[in-house]
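Asker: If you read the sequence shown in the numbering used here, its first letter stands for residue 160, the second for the next number, and so on.
Glycine included, C-beta positions come from ideal geometry on N, C-alpha and C.
Input: one structure, supplied below.
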Amino acid sequence: MLMNINSISVSAANRLNIIFVICKVTTIVTVIIVGIVRMAQGYTQNLQNGFEGTTTKPLSVALAFYSGLWAYDGWNGLNSITEELKNPERNLWLSIVLALPSIIILYLLTNISYFTVMSKVELLSSNAVAVTWGEVAIGPVVRALPILISISALGSGNGALFSSARYCMVGAQYGYLPEIFACIHKQRLTPVPGIVLEGLIAIALCMPSNIEGLIDFFSFAAWIFYGVTFLATLFCKFTMKKAKRVINVPIPLIIIIILIAIYLVFAPVIADPNIGFLIASLIILFGLIFYYPFVYRKIEVNIIKRINQFLITFFQLQIAQVNL
């Protein structure tokens, strides 16, 4: 469904995302209000020992960061649509300054509300934390929570699909992917090939049932690329001093984020080495096999060019323009 909507219309995908956000925020605010009421009624016993039994070991804390930062991973989505954003110098900055603190406050208050109902052990053992909370806090109304949670998940999926398809499109325009992924539909102006590719990858990643392993797998790979991205940003600070920048990031902040990325990549591997980290590393290294001949050496394969041209013509696509 999300692939179809994003392929048909950019505005429809944005409107749908607004609806999802409204539903999600309404649900979260409801949970927070009920939590405040329960705190006023004296249900604060679980808040007094919430960190009891937790670790302070630096290497182990990194794994906890993976699960925590997973909830905030949409922070990087807006960067992918800067070219489609009106007045990005103003709106991108406002979005960062207003959205991130608001989300942090909402999520923290939601967790506090959960602790007015559940102990730490009960929260960690619950298959659906919000539903377990709702059974005690709101009674019969809890039946609506699974629907609202599903809407929230759809909203996250829609936002991720919207932004990742643009990453795919721009990557292809720089020559890192086949030409067809640099295309948009002639009439609808949507990056259909990128949407389809990212949607299929998402479906494949949903097949394993171990969500904790998937989060660790994704976070490990993501922070490798975040670190490399900020290294490139730092490099460009010195080599492209006159380049126009939508937002000027201070060098000390870049260095701090690079150090955080190094910690989040290496600490979990040392603390809890597992096959997921190895697979993620091999997939990244495997990309070099294709990068060297097809990107660095610019070797072209005739059959791939013919397939690209056929698909571009058949699906009524055109090469999108990018501000290089």
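1) For ARG465, which residues from the same chain have a beta carbon less than 6 Å from its beta carbon, with the 5 sequence-adjacent residues on both sides left out?
2) Please find out if some non-hydrogen atom of the ligand SAM comes closer than 7 Å to the beta-carbon of ALA479.
3) Would you be able to state if there are at least three C-beta pairs under 8 Å between the stretch 320-331 and the stretch 348-358?
4) Could you check the C-alpha separation between SER168 and LEU336 for me, to the nearest Å?
5) Cα separation between TRP229 and MET366?
6) Starting from the Cα of ALA258, find the closest Cα among LEU237, ASN369, TYR455 and give me that residue.
7) Would you tell me roughly how many angstroms separate the C-alpha atoms of ALA296 and VAL276, rounded to the nearest one?
8) By a C-beta neighbour count over all protein chains shown, 10 Å radius and 16 as the cutoff for buried, is SER261 buried or exposed?
9) Thinking just about the alpha-carbon of each residue, which of LEU307, PHE377, THR213 is nearest to the one in ILE438?
10) Please list the terminal residues of the continuous alpha helix (DSSP H) segment that includes LEU313.
11) Report yes or no: do the stretch 209-222 and the stretch 426-436 share at least 3 C-beta pairs separated by less than 8 Å?
12) Can you tell me where the beta strand (DSSP E) with LEU207 in it begins and where it stops?
13) Opposite GLN477 in the DSSP bridges: which residues?
14) Is it right to say THR472 is buried, meaning 16 or more other beta carbons lie within 10 angstroms of its own, or is it exposed?
15) Assign CYS182 to one of three DSSP states: helix, strand, or coil.
16) Is the CB-CB distance between PRO350 and ALA324 below 8 Å?
17) Whole angstroms is fine: what's the gap from SER226's alpha carbon to ILE462's?
Answerer: So, to answer that:
1) What you label residue 465 is simply residue 306 of the sequence shown in a count that begins at 1. There are no such residues.
2) With respect to the ligand SAM, the structure offers nothing, as it holds no ligand at all.
3) Under the three-pair Cβ rule at 8 Å, the stretch 348-358 counts as touching the stretch 320-331.
4) The sequence position of residue 168 within the sequence shown is 9, counting from 1. The sequence position of residue 336 within the sequence shown is 177, counting from 1. Answer to the nearest angstrom: the Cα atoms are 24 Å apart.
5) Locating residue 229 in the sequence shown gives position 70, counting from the first residue. Locating residue 366 in the sequence shown gives position 207, counting from the first residue. When the Cα atoms are used, TRP229 and MET366 turn out to be separated by approximately 19 Å.
6) Within the sequence shown, residue 258 is the residue found at index 99, counting from 1. It is LEU237.
7) In the sequence shown, the residue the question calls residue 296 occupies position 137. In the sequence shown, the residue the question calls residue 276 occupies position 117. If I take the Cα positions, the gap works out to 7 Å.
8) One-based indexing of the sequence shown puts residue 261 at position 102. With fewer than 16 other Cβ atoms inside 10 Å of its own Cβ, SER261 counts as exposed.
9) Start at 1 with the first residue of the sequence shown, and residue 438 comes out as number 279. Out of LEU307, PHE377, THR213, PHE377 has the C-alpha closest to the C-alpha of ILE438.
10) For this step, residue 313 is matched to residue 154 along the sequence shown. Counting along the chain, LEU313 sits inside the alpha helix (DSSP H) bounded by residues 304-332.
11) Contact holds: three or more Cβ-Cβ distances are below 8 Å.
12) If you number the sequence shown from 1, residue 207 lands on position 48. First, the amino acid is wrong: residue 207 is Gln here, not Leu. Where GLN207 is concerned, there is no enclosing beta strand (DSSP E), because DSSP gives it neither an H nor an E.
13) Sequence index remark: in the sequence shown, residue 477 carries index 318 (1-based). DSSP output for GLN477 lists ILE343 as bridge partner(s).
14) Walking along the sequence shown from the start, residue 472 turns up at place 313. Per the 10 Å Cβ criterion, exposed.
15) The sequence position of residue 182 within the sequence shown is 23, counting from 1. Helix at CYS182.
16) Here residue 350 corresponds to residue number 191 of the sequence shown, with the count starting at 1. Here residue 324 corresponds to residue number 165 of the sequence shown, with the count starting at 1. Yes, the Cβ-Cβ distance between PRO350 and ALA324 is below 8 Å.
17) Taking the first residue of the sequence shown as 1, we reach residue 226 at position 67. Taking the first residue of the sequence shown as 1, we reach residue 462 at position 303. Between SER226 and ILE462, the alpha-carbon positions lie close to 43 Å from each other.
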